[in-house]
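*Asks:*
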Amino acid sequence: MENSEQIFVESSESQCGRWNPNSILGGVFSILALCFLYYVVPTHIELPYHMQHPLLSPQFLPQLAGWMVLVLSLLLMIDGLLKPPKREAADEYRRGVPVLRQVLMLVAGILYAVFFEQLGAIGSGVLATALLFLASGLRSVWVYALVIVFPVVVTLLFIHVLNVPLPAGTLWESLSLI
Numbered sequence: 004m005e006n007s008e009q010i011f012v013e014s015s016e017s018q019c020g021r022w023n024p025n026s027i028l029g030g031v032f033s034i035l036a037l038c039f040l041y042y043v044v045p046t047h048i049e050l051p052y053h054m055q056h057p058l059l060s061p062q063f064l065p066q067l068a069g070w071m072v073l074v075l076s077l078l079l080m081i082d083g084l085l086k087p088p089k090r091e092a093a094d095e096y097r098r099g100v101p102v103l104r105q106v107l108m109l110v111a112g113i114l115y116a117v118f119f120e121q122l123g124a125i126g127s128g129v130l131a132t133a134l135l136f137l138a139s140g141l142r143s144v145w146v147y148a149l150v151i152v153f154p155v156v157v158t159l160l161f162i163h164v165l166n167v168p169l170p171a172g173t174l175w176e177s178l179s180l181i
């Protein structure tokens, strides 16, 4: 019969414990969502004085996204506390992703944010989408046509359907002045 110390060691090795990645990420995203909802949205998104319907408010979509992130992050945190993931499963997920893929995904997000004003929504979207497709290992030439289609369609939806002005890009504006 196994002694209690050996059982404790085996159970602690197979479980991540109460402070597992799901609980930690859920807690961090909950705090970030609360900061977004109660500081960023009210202080940085102004409401027009003649607002007739709250669903037409410029704050509606950011608030909806913030509440969705808050609810999902709380669910992730609670799920991690109630059912901690097995240590082997967590290690397998991390072990299976190549470092180059992780770096390309980070670089895509950083380039999108840094060049959003210079290249505009479409230009930075094309650049980020191309890097994300490279990171995913897609090899078909036809799939890479979507690198242009996705950012153009999303930008046009934001501009013409949702009436959200997006930058055309200072690079393109300076070329059109010449």
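Residue numbers (the working numbering): 4 to 181. Built from N, CA and C at the ideal position, the CB exists for glycine as well.
(1) Just the Cα atoms here: how many angstroms apart are residue 38 and residue 144?
(2) So does the stretch 67–76 actually touch the stretch 100–112, counting three or more Cβ pairs closer than 8 Å?
(3) Return helix, strand or coil for residue 113, following the three-state DSSP convention.
(4) Residue 70 by DSSP, collapsed to three states: which one?
(5) For residue 53, name the three-state secondary structure that DSSP assigns.
(6) Determine the DSSP secondary structure at residue 34, reduced to helix, strand or coil.
(7) Quick one: what's got a C-beta closer than 6 Å to residue 115's C-beta in the same chain, skipping five residues either side?
(8) Is residue 161 closer than 8 Å to residue 150 when the C-beta atoms are compared?
(9) Do residue 133 and residue 104 have their CB atoms nearer than 8 Å?
(10) Would you call the CB atoms of residue 113 and residue 154 closer than 8 Å?
(11) Over the uninterrupted alpha helix (DSSP H) stretch that includes residue 200, give me the two end residues.
(12) Let me confirm a value: residue 46 is counted as buried when at least 16 other C-beta atoms fall within 10 Å, else exposed. Which label applies?
*Replies:* Per the coordinate set shown:
(1) 42 Å
(2) no
(3) helix
(4) helix
(5) coil
(6) helix
(7) 127, 131
(8) no
(9) no
(10) no
(11) A question about residue 200 goes unanswered here, because the residues of the chain that appear run from 4 up to 181.
(12) exposed
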